[in-house]
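Step one of this worksheet: look at the structure below.
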Amino acid sequence: NEYFALASRPAGTPALEHFTVKKEELNMPEDGQLLVKTLYVSVDPYMRGRMKDAKSYSAPYAIGEPITGGSIGRVLHSRADGFKEGDIVAGGWGWQRYGIIDSKACRRIDPELAPITTALGVLGMTGLTAYFGTLRIGNPQPGETLVVSGAGGAVGMIVGQIGKIKGARVIGISGSDEKNRYLKEELGFDEVINYKTDQPLAEALERACPDGIDVYFDNVGGDITDAVIPLLNRNARIPLCGQISLYNQEKPELGPRILPMLLTRTVLLKGFLVGDYAAEQEEGLRELGQWVREGRLKYRENIIDGFDNIPEAFIGLFSGENLGKQLVRVAED
Ligand code: NDP
Numbered sequence: 006n007e008y009f010a011l012a013s014r015p016a017g018t019p020a021l022e023h024f025t026v027k028k029e030e031l032n033m034p035e036d037g038q039l040l041v042k043t044l045y046v047s048v049d050p051y052m053r054g055r056m057k058d059a060k061s062y063s064a065p066y067a068i069g070e071p072i073t074g075g076s077i078g079r080v081l082h083s084r085a086d087g088f089k090e091g092d093i094v095a096g097g098w099g100w101q102r103y104g105i106i107d108s109k110a111c112r113r114i115d116p117e118l119a120p121i122t123t124a125l126g127v128l129g130m131t132g133l134t135a136y137f138g139t140l141r142i143g144n145p146q147p148g149e150t151l152v153v154s155g156a157g158g159a160v161g162m163i164v165g166q167i168g169k170i171k172g173a174r175v176i177g178i179s180g181s182d183e184k185n186r187y188l189k190e191e192l193g194f195d196e197v198i199n200y201k202t203d204q205p206l207a208e209a210l211e212r213a214c215p216d217g218i219d220v221y222f223d224n225v226g227g228d229i230t231d232a233v234i235p236l237l238n239r240n241a242r243i244p245l246c247g248q249i250s251l252y253n254q255e256k257p258e259l260g261p262r263i264l265p266m267l268l269t270r271t272v273l274l275k276g277f278l279v280g281d282y283a284a285e286q287e288e289g290l291r292e293l294g295q296w297v298r299e300g301r302l303k304y305r306e307n308i309i310d311g312f313d314n315i316p317e318a319f320i321g322l323f324s325g326e327n328l329g330k331q332l333v334r335v336a337e338d
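Counting in full-length UniProt numbering, the sequence shown runs from 6 upward without gaps.
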């Protein structure tokens, strides 16, 4: 077997030198386990947090050990009830060509229902993140204004479309005109802002949001969020999903003191983790699946080919290489 391990912990933006390929003898699965061949792996911004040696909601990656994360594979050998050779499963074995996994730690995917890659995106972790953050915390109402940062990414483009389904006016912020064109022309976003070129951002936001902002779904943090906060309306809601603009900072910077504004406008700011909604996952997947089938929810996947290119695909998240969910195809079948 071959797998990627962390070679060293990055300071600042991760680079190829922080990853290394290791080889190991492949064992056979024991009772309750499956041997799977990896077909696709997901690369996700939260993995940057696991490269730090710091306590967080998921344990840090150990140097030299396989980098785990969302993955899809085909069962080559099953020692577990309910699974057979040829089944497609999604799990968390990650950046490995083959995985020996506990059958309880994976779910079977029905390739007849949807393309299997959706289990890592719109009908998987990122879709559920958008779903629960938008509906349980943001709760957009018809006619309200919803702003989403990181709008051209996996979570962001689903958030904006759920906002449209709920009747909100949706403004997306991303770092590329190509992404913004897609959001507006293909997904029906009402307005789009390029945070790199539409400067000053505060003025661009004011033009795009003449009635203020009722829901701000934050994927990014930093300067973008600083520009959004002063436009929040009374009783606005902020699903605090991610802060990718800060993940590579070694030292936290001090931003403007925003809490007084949140206080006087009685804003709800709530951090959340998609895992908090595990008990409602089936319900979320059902509704997302229905919207996809009805053509009301579109998704995009940015697929890079080849096991060797996994680290590069991951690093690309921090320079905005991806339109939609970033995946790597490791094997054809
Ligand atoms: P994306 O598909 O959105 O990929 C990351 C995108 O972030 C890039 O394409 C880039 O787009 C943008 N970006 C990168 N660096 C910066 C920066 N410095 N400033 C502004 N934008 C930047 O990733 P996901 O959709 O998977 O994740 C989005 C966010 O949601 C992340 O913060 C992630 O950590 C969080 N998340 C949280 C979960 C939870 O449970 N709370 C679960 C899943 C994700 P651009 O071209 O616009 O710069």
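Ideal placement from N, C-alpha and C gives every residue a C-beta, glycine not left out.
Proximal residues to residue i (C-beta, below 6 Å), its chain only, five neighbours per side dropped
| i | result |
| --- | --- |
| Pro261 | Asp231 |
| Ala207 | Ala232 |
| Pro116 | Ile93 |
| Lys28 | Glu7 |
| Gly157 | Ser179, Lys184, Leu328 |
Boundaries (first-last residue) of the alpha helix (DSSP H) holding residue i
| i | result |
| --- | --- |
| Gln286 | 286-298 |
Cβ-based burial, residue i [other Cβ within 10 Å; buried from 16]
| i | result |
| --- | --- |
| residue 1 | Because the chain here runs from 6 to 338, residue 1 falls outside it and cannot be looked at. |
| Asp313 | exposed |
| Tyr200 | buried |
| Ala318 | buried |
| Gln146 | exposed |
| Met33 | exposed |
Residue i to residue j span [Cα, whole Å]
| i | j | result |
| --- | --- | --- |
| Lys89 | Val80 | 7 Å |
| Gly97 | Lys330 | 17 Å |
| Pro65 | Ala59 | 7 Å |
| Asp223 | Asp36 | 43 Å |
| Gly180 | Val225 | 11 Å |
| Ile309 | Gly126 | 15 Å |
| Gly75 | Pro50 | 12 Å |
| Ala124 | Gly78 | 11 Å |
| Gly161 | Val153 | 6 Å |
| Asp216 | Leu251 | 29 Å |
| Met130 | Val279 | 7 Å |
| Tyr304 | Ala119 | 12 Å |
Residue i Cβ short of 6 Å to ligand 2 heavy atom set
| i | result |
| --- | --- |
| Ser179 | Because ligand 2 does not appear in the structure shown, any question about it cannot be addressed here, the ligands present being ligand 1. |
Same chain, Cβ closer than 7 Å to residue i, neighbours up to 5 away in sequence not counted
| i | result |
| --- | --- |
| Asp107 | Gly37, Gln38 |
| Gly17 | Asn253, Glu255 |
| Ile170 | Trp296, Arg301 |
| Ala241 | Ile218, Asp219, Val220, Tyr221, Arg270, Val272 |
Closer than 7 Å to chain D by CB, residue i
| i | result |
| --- | --- |
| Met52 | This model lacks chain D altogether; it includes just one protein chain. |
Element boundaries [beta strand (DSSP E), containing residue i]
| i | result |
| --- | --- |
| Ile309 | 306-310 |
| Phe24 | 24-28 |
Exercise. Return the chain-ordered ranges of every alpha helix (DSSP H) run that is complete within the region 147-187 and spans a minimum of 4 residues.
Key: 159-170, 182-186
Quiz item: Going along the chain, which unbroken runs of the beta strand (DSSP E) with 3 or more residues stay wholly within the region 223-278?
Solution: 237-245, 273-276
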